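Chemist: Mind having a look at this structure? Questions to follow.
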Amino acid sequence: MDGNGEDICGVVYFCGDLEDEIAELYDKRDQPPEVTIRTRPIDVVHSNVRALLDEDLGGFDQVFVSSSATKCHDRLEIHANAAPTVVLVELRGGAAEGARLLAAHKEAGAFPFLRNLSADIDGARYQRVVMPFALVARSGDNENAPIDATLAATCLEAGALDIVHSPLRDEDLHRLVGHVREALRPSARLVGSAMAQNLVTSIRSTSPIQSARHRPHDTLSPARRKMVEDNVSQWHFPAQSFSMDELTYAALIMLEHMLEIPDLKPYSISRARLMTFLLATRRQYKHQREVHYHNWRHAVDVTQSIYCFLLDIRLCPPRNDHTRPPHHLNAVEGLLTPLDGLILIVSAIGHDVGHPGVNNAFLTACNHPLAQMYNDKSVLENYHCAAYSQLLRRHWPALGNISGFRTTMISTILATDMQRHFEYMSGLNELKRKIENSENDLGNWTDKDREGARELLMALLIKGADISNVARPFDLSSAWAKTLMNEFYRQGELEAELGIPTCLFGGPPNKEDALAAAQSQKGFMSLFGIPLFSGMTEVMPSVSCAIKELEQNTAIWEEKIANEKQRRGSEGKGAPLTFQSVSKEEVEEAKLQKRQSEPLAVPLNGSEAPSTPTRRQHVVDSALSPRQHPAHSHRQQLTTGIGTHEHRSSMPNMLPSDLPVSPNGSASRRSSKDVALDSLQQLSTYAESNMALPLSPGSRRGSADWQVHQSYPGSRRGSKDESLTTILVTSQSNSPGKAPTSSPVKQKRIRHSTVPTPKVPDAASRYSVPSSTSRSHTTSSATNNTTQPSSLAPTDDDSTPPAAEDPFVVPSNWPSDLDGAIRSQTLIKHPSTPDLPTPRLTKSDSPRIVARMASGEGDDGRGTPRKEPGIRESRSRSRLRNLKFWRKRRDVSGIEGGGTGDPGSP
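Take the position in the sequence shown, starting the count at 1, then add 161; the result is the number in the working numbering.
Structure below.
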């Protein structure tokens, strides 16, 4: 037995209760004598040794048998440090005689040896894997009697991996070999590493074929043989309930029945040779503990599906089960011949030979030698064809003499590549149109048309048989689905071990997620199963055995999905997306909710997000605290168009509510000096403490662009979910859909899509009003924890870096008089806040600009004072200019600005 392609696994067989002392080493060339009647204990030992060495049963290379515990330990010291070793410890007595066996072996014999061996294994005494098993004799009266529970618990406690019956039978050896395969499973980088080399070796091999010693048709009991014969022609064939020998016997029955056709007699071979061929093919499949789904059991199940199809099309002689009444075949079904039926059955037996348990995408992703050999095109299918051709060449050479046999077999096996599924479905649709145009009369078809239709029909039949498990009765179909999920889960483990992205559609399955499993099965049937079998039935009405089961299975899976969603109470929102796990109605409903959740109006006076995260600023009004009244939040959302239920720590407080305003939202018209000074002082304090927003000098966005982000923990930008939407608002004059320009020089005018904006002076062009028509669909630059800042670049040519904007102090939009007159309006009106636009400020610039504003001075971006022409200064402003308070603030601002004392310098 090959462990990982290099190791040779041996067996140490300890039988301490033999009357005669024995110490023998057997191999495949030197085996013990064959025993027909087992009357002595040594006869049972010899029978077990022959079964262990049989390549079709145990497949071990060497077996050391001894009745001495010391000699067994000595053998382990030599062999267990060089290769993996299986240790069999035999307990004499019946399986049900637990108390007597325990008393007999408690102090001496098997249990002390097993405990000492377990202690050596735990102490890492051996360099290679050592696997101990307990052998318990079958009861004389009832060979199928279960093992005594106390005896089984004692054996497992002593260190045995499992307990098997003696004499060893097919199912016992299969379980024993399964444990060995599981323990010797190669690492991810060695999966299928010897496949290419083994293929080359088989091509070169010219050794003669020897008849198999193992004969399942002879070793099976009459009752089991009859059960196989009764079920082999039924669509409810229970492949997972049969043993390996019973499955092999089923394949033998199908081949022999097909070869009974007179036209196929020249290619018939004897039963012994046919069984040798089947056993050789079975050996090429991986054990089901290595490959859960694509193994010999799956191969026989697919062959049985083909056999049922051939019985329906009358390409096989009818069986005496009377389950298929005679019916008329159409012209398309008449294109197939008995030779095509033989090719289909033979191809189905070996269509997955040597499957490593991973898909083509995995082999391509890890640069497997097979992927290099076949240039990443149908890698496994090409390998199956090549390896199986060598088996046929050696075991059934008569098939190679059939004209076109190899070509047809290769095209049939290649059709099982699911990556080419829709290619064959397109061919099926074309064939249906051609049949409709010819009105089921193929007399006008050319030979090329007939040949193409014949090859397509054979490809469709094997494709349907390959996925026929979804169309079996539900109890069988669900068992196959679980088996396939285990294989996909194993591939997910290999992908994680290699550190490569998953090569499975939807990712590795979750064994505990019943909802995802049901959705996956229903989706697979909707996408692949139902269209394929329905199309096959249209062109071949005789092949209709799967349609009824498909409809029933679909209904059952839908019911399970609904029940699981109801049980979870979340309508399946926590389940991973699989085939059609989200219906079209659910998608449309999600789109509708997204549209309804979008704001009806986008705010004009939005604040720019900072380039780096800053600490959450303290609010001025307690009404804006996290514990605000719900009505206030709702009113603010309706006014601004932005929800307040989520705030980033880096976003500033946009709207102070403690400014003195008139009831209608405009500024107070009182001209008192005290009122004006108080308002300006509050604005200056608020700008200093809360509205210093550094800008990114290297930003490529225009001066009128900014983003309003709503961030949610753990969210992904670019999502279509309403809670993950990022809105980009732009006010550029270019048409919608164009990217915002990086140059701010040309932006002189401001347009709005819905509400016209009053014309502003030239000096205010650098503080442009944004537009609500443009929204960002490219948010890939945003991350989960930070927002991408948008730069408000100045429109002037000055080289000074832009300062942060204060949303409440804008020189261009500040009232020209302190009597409360408003010269410009915006879209946003807060109930408790005046309409104050946003200037560009830093913390150090806020007092300076407020002072200049109070004194009636402006700034055009070049450091020169500005006065609006044609507007007479009011008496209150002329008074304020001469106040000591403002002169002092101007002096301080001049020192901060450039050390010149000029308040207008930038």
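Quick reminder that beta carbons are idealized off the backbone N, C-alpha and C, glycines included.
Keep in mind the model is a prediction, meaning the values are calculated, not measured.
Taking serine 539 as the reference, which of Ser229, Gly561 and His516 has the closest Cα?
Modeler: As a first step, residue 539 must be located in the sequence shown, where it is residue number 378. Of the candidates Ser229, Gly561 and His516, the one whose C-alpha sits nearest the C-alpha of serine 539 is His516.
Chemist: So for aspartate 188, helix, strand or coil by DSSP?
Modeler: Taking the sequence shown and counting its residues from 1, one reaches residue 188 at position 27. Aspartate 188 falls in the strand class under three-state DSSP.
Chemist: Would you report the Cα separation of valine 173 and isoleucine 239, rounded to the nearest angstrom?
Modeler: In the sequence shown, residue 173 corresponds to position 12, counting from 1. In the sequence shown, residue 239 corresponds to position 78, counting from 1. Whole-angstrom Cα-Cα distance: 11 Å.
Chemist: Roughly how many whole angstroms lie between the Cα atoms of methionine 405 and alanine 751?
Modeler: Mapped onto the sequence shown, residue 405 falls at position 244. Mapped onto the sequence shown, residue 751 falls at position 590. If I take the Cα positions, the gap works out to 51 Å.
Chemist: Cα separation between alanine 412 and aspartate 462?
Modeler: Residue 412 sits at position 251 when you count from the first residue of the sequence shown. Residue 462 sits at position 301 when you count from the first residue of the sequence shown. So the alpha carbons of these two residues sit roughly 9 Å apart.
Chemist: Tell me which residue opens and which closes the alpha helix (DSSP H) that glycine 684 is part of.
Modeler: Residue mapping note: residue 684 aligns to position 523 of the sequence shown, counting from 1. Start and end: 675 to 685.
Chemist: With distance defined between alpha-carbon atoms, name the residue in Met356, Pro702, Ser382 and Asn277 nearest to threonine 1072.
Modeler: Nothing about residue 1072 can be reported from this structure: the residues present for the chain run from 162 to 1067 only.
Chemist: Can you give me the Cβ contacts of glycine 353 inside the same chain, cut-off strictly under 7 Å, excluding the 5 residues immediately before and after it?
Modeler: Here residue 353 refers to the residue found at position 192 of the sequence shown. Here the set comprises Pro517, His529 and Leu531.
Chemist: If you pair each beta-carbon of the stretch 445 to 464 with each one of the stretch 644 to 652, do three or more pairs fall below 8 Å?
Modeler: The stretch 445 to 464 vs the stretch 644 to 652: in contact.
Chemist: Where arginine 385 and phenylalanine 398 are concerned, what is the direct C-alpha to C-alpha distance, given to the nearest angstrom?
Modeler: As a working mapping, residue 385 is identified with position 224 in the sequence shown. As a working mapping, residue 398 is identified with position 237 in the sequence shown. Each residue's Cα considered, the two are about 14 Å apart.
Chemist: Are the beta-carbon atoms belonging to glutamate 494 and methionine 686 less than 8 Å from one another?
Modeler: Counting from one through the sequence shown, the residue named residue 494 turns up at place 333. Counting from one through the sequence shown, the residue named residue 686 turns up at place 525. No, these two residues do not count as a Cβ contact at 8 Å.
Chemist: Inspect the beta-carbon positions of isoleucine 506 and threonine 464 and report whether they are closer than 8 Å.
Modeler: Stepping through the sequence shown from its first residue, residue 506 is reached at position 345. Stepping through the sequence shown from its first residue, residue 464 is reached at position 303. Closer than 8 Å, so yes.
Chemist: State the start and end residues of the unbroken alpha helix (DSSP H) segment that holds tyrosine 650.
Modeler: For the purposes of this step, residue 650 is identified with residue 489 of the sequence shown, where counting begins at 1. 635 to 659 is the extent of the alpha helix (DSSP H) around tyrosine 650.
Chemist: Evaluate lysine 447 with the Cβ neighbour count: other Cβ atoms within 10 Å of its Cβ, from every protein chain shown; 16 or more gives buried, anything less gives exposed.
Modeler: The residue given as residue 447 occupies position 286 in the sequence shown. Classification for lysine 447: buried.
Chemist: Ends of the alpha helix (DSSP H) at phenylalanine 689?
Modeler: In the sequence shown, counting from the first residue as 1, residue 689 sits at position 528. Note, phenylalanine 689: premise wrong, no alpha helix (DSSP H); not H, not E.
Chemist: Measuring alpha carbon to alpha carbon, tell me which of Leu425, His418, Thr409 and Ser429 ends up nearest leucine 440.
Modeler: In the sequence shown, counting from the first residue as 1, residue 440 sits at position 279. Nearest option by C-alpha distance: Thr409.
Chemist: Helix, strand or coil: which one does DSSP assign to valine 389?
Modeler: For this step, residue 389 is matched to residue 228 along the sequence shown. In this structure, valine 389 counts as helix in the three-state DSSP scheme.
Chemist: Is tryptophan 557 near isoleucine 467, with beta carbons less than 8 Å apart?
Modeler: Taking the sequence shown and counting its residues from 1, the one referred to as residue 557 is at position 396. Taking the sequence shown and counting its residues from 1, the one referred to as residue 467 is at position 306. Result no, Cβ atoms of tryptophan 557 and isoleucine 467 do not sit closer than 8 Å.
Chemist: Which term fits threonine 311, buried or exposed, when burial requires 16 or more other beta carbons within 10 angstroms of its beta carbon?
Modeler: By 1-based counting over the sequence shown, the position of residue 311 is 150. Per the 10 Å Cβ criterion, exposed.
Chemist: Is the stretch 467 to 482 touching the stretch 571 to 590, taking contact as three or more C-beta pairs under 8 Å?
Modeler: Flag = no, the stretch 467 to 482 and the stretch 571 to 590 do not touch.
Chemist: With a CB to CB cut of under 6 Å and the five nearest residues on each side skipped, what residues in its chain are close to isoleucine 563?
Modeler: As a first step, residue 563 is located in the sequence shown; it is residue number 402 there, counting from the start. Contacts found: none.
Chemist: Suppose contacts are defined by Cβ-Cβ distances below 8 Å. Is leucine 676 in contact with glutamate 746 by that definition?
Modeler: Working through the sequence shown from its first residue, we reach residue 676 at position 515. Working through the sequence shown from its first residue, we reach residue 746 at position 585. Result no, Cβ atoms of leucine 676 and glutamate 746 do not sit closer than 8 Å.
Chemist: Counting only the same chain and skipping the five closest in sequence on each side, list residues whose C-beta sits under 7 Å from that of serine 638.
Modeler: Residue numbering aside, residue 638 sits at position 477 when the sequence shown is read from its first letter. Hits under 7 Å: Asn630, Val631 and Asn714.
Chemist: Report the three-state DSSP secondary structure of arginine 236 (helix, strand or coil).
Modeler: If you number the sequence shown from 1, residue 236 lands on position 75. DSSP places arginine 236 in helix when its eight states are reduced to three.
Chemist: With respect to 7 Å, is the separation between the Cβ of tyrosine 454 and the closest non-hydrogen atom of the ligand SAH below this value?
Modeler: This structure does not include the ligand SAH; it has no bound ligands of any sort.
Chemist: The beta strand (DSSP E) spanning glutamine 223 covers which residue range?
Modeler: Taking the first residue of the sequence shown as position 1, residue 223 is located at position 62. Residues 223 to 227.
Chemist: Closest by CA to histidine 234, which one among Gly625, Leu275 and Ala547?
Modeler: Position 73 of the sequence shown, counting from 1, holds the residue named residue 234. The shortest C-alpha separation from histidine 234 is found at Leu275.
Chemist: For serine 394, is the classification buried or exposed, using 16 other Cβ atoms within 10 angstroms of its Cβ as the cut-off for buried?
Modeler: The sequence position of residue 394 within the sequence shown is 233, counting from 1. Under this definition serine 394 is a buried residue.
Chemist: What does DSSP give as the partner residue(s) for methionine 292 in the beta ladder?
Modeler: Sequence index remark: in the sequence shown, residue 292 carries index 131 (1-based). Val247, per the DSSP bridge assignment.
Chemist: Kindly indicate the opening and closing residues of the alpha helix (DSSP H) around glycine 730.
Modeler: Translated into the one-based positions of the sequence shown, residue 730 becomes position 569. Looking at the DSSP string, glycine 730 is not in any alpha helix (DSSP H), and its letter there is neither H nor E.
Chemist: Work out the CA separation of threonine 367 and alanine 626 for me, nearest whole Å.
Modeler: Here residue 626 refers to the residue found at position 465 of the sequence shown. Here residue 367 refers to the residue found at position 206 of the sequence shown. Each residue's Cα considered, the two are about 34 Å apart.
Chemist: When the Cα atoms are used, what is the spatial distance from aspartate 215 to arginine 611?
Modeler: Stepping through the sequence shown from its first residue, residue 215 is reached at position 54. Stepping through the sequence shown from its first residue, residue 611 is reached at position 450. So the two alpha carbons sit approximately 47 Å from each other.
Chemist: Leaving out five residues before and five after serine 221 in sequence, what residues of the same chain have Cβ atoms less than 8 Å from its Cβ?
Modeler: Your numbering for residue 221 matches position 60 in the sequence shown. Correcting the residue type first, residue 221 is phenylalanine in the shown sequence and not serine. Hits under 8 Å: Met162, Cys170, Gly171, Val172, Leu213, Leu214 and Val247.
Chemist: Three Cβ pairs or more, each shorter than 8 Å: is that satisfied between the stretch 345 to 364 and the stretch 315 to 325?
Modeler: As far as the Cβ criterion goes, the stretch 345 to 364 does not touch the stretch 315 to 325, which means the pair count is below three.
Chemist: Along the chain, where does the beta strand (DSSP E) containing aspartate 402 start, and where does it finish?
Modeler: To locate residue 402, count along the sequence shown from 1; it is residue 241. Looking at the sequence shown, residue 402 is not aspartate but serine. First-last for serine 402: undefined, no H or E at that position.
Chemist: Bridge partners of isoleucine 324, per DSSP?
Modeler: Position 163 of the sequence shown, counting from 1, holds the residue named residue 324. Its beta-bridge partners are Ala295.
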